[in-house]
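Chemist: In the UniProt record's numbering, the protein residues as written are 1 to 104.
#1: Provide the residue span of the alpha helix (DSSP H) that contains residue 41, from first to last.
#2: Can you list, in chain order, the residues of its chain with a C-beta nearer than 6 Å to that of residue 6? Leave out the 5 residues immediately preceding and following it.
#3: What's the gap between the Cα of residue 1 and the Cα of residue 23?
#4: Between residue 17 and residue 43, what straight-line distance do the alpha-carbon atoms span, to the nearest angstrom?
#5: Can you tell me which of the three DSSP states residue 83 falls into?
#6: According to DSSP, is residue 11 helix, strand or coil?
#7: Taking C-beta to C-beta, are residue 45 and residue 20 nearer than 9 Å?
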């Protein structure tokens, strides 16, 4: 399912952040400062990765909301007679009430 999601564009797959997740085949000698810098970098990278994933999701949702809005506009245009009849009847009643008040 991961391959399908990436192929369909539903998952963020092309991002430079993923380059950090590759394994290093060269062993590195332990150094306390390097260890601390690595841990801090991992935290920063995780924050950046999360922001980019959220942005990707919001872009996908925006497309869906635009499609839904266009469907709503088409539906309103198609059923305009129902809307106009209700508005027309209420405006006629208001005008008749105004005329009766003026006559009194």
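All residues carry an ideal CB built from backbone N, CA and C; glycine is no exception.
Predicted, not measured: the structure shown is a model, and the values here were computed from it.
Modeler: According to the structure data:
#1: Your numbering for residue 41 matches position 41 in the chain shown. 32 to 78 is the span of the alpha helix (DSSP H), which, as asked, contains residue 41.
#2: Here residue 6 refers to the residue found at position 6 of the chain shown. Only residues of its own chain outside the window of five on either side were considered, and among them 13 have a CB closer than 6 Å to the CB of residue 6, listed in chain order.
#3: Sequence index remark: in the chain shown, residue 1 carries index 1 (1-based). Sequence index remark: in the chain shown, residue 23 carries index 23 (1-based). Residue 1 and residue 23: Cα-Cα distance of roughly 24 Å.
#4: By one-based count along the chain shown, residue 17 stands at place 17. By one-based count along the chain shown, residue 43 stands at place 43. The straight-line gap from Cα to Cα measures roughly 12 Å.
#5: Counting from 1 along the chain shown, the entry for residue 83 is found at position 83. In this structure, residue 83 counts as helix in the three-state DSSP scheme.
#6: Along the chain shown, one-based indexing puts residue 11 at 11. In the displayed model, residue 11 falls within coil according to three-state DSSP, outside both helix and strand.
#7: Your numbering for residue 45 matches position 45 in the chain shown. Your numbering for residue 20 matches position 20 in the chain shown. Their beta carbons are under 9 Å apart, which means residue 45 touches residue 20 by this criterion.
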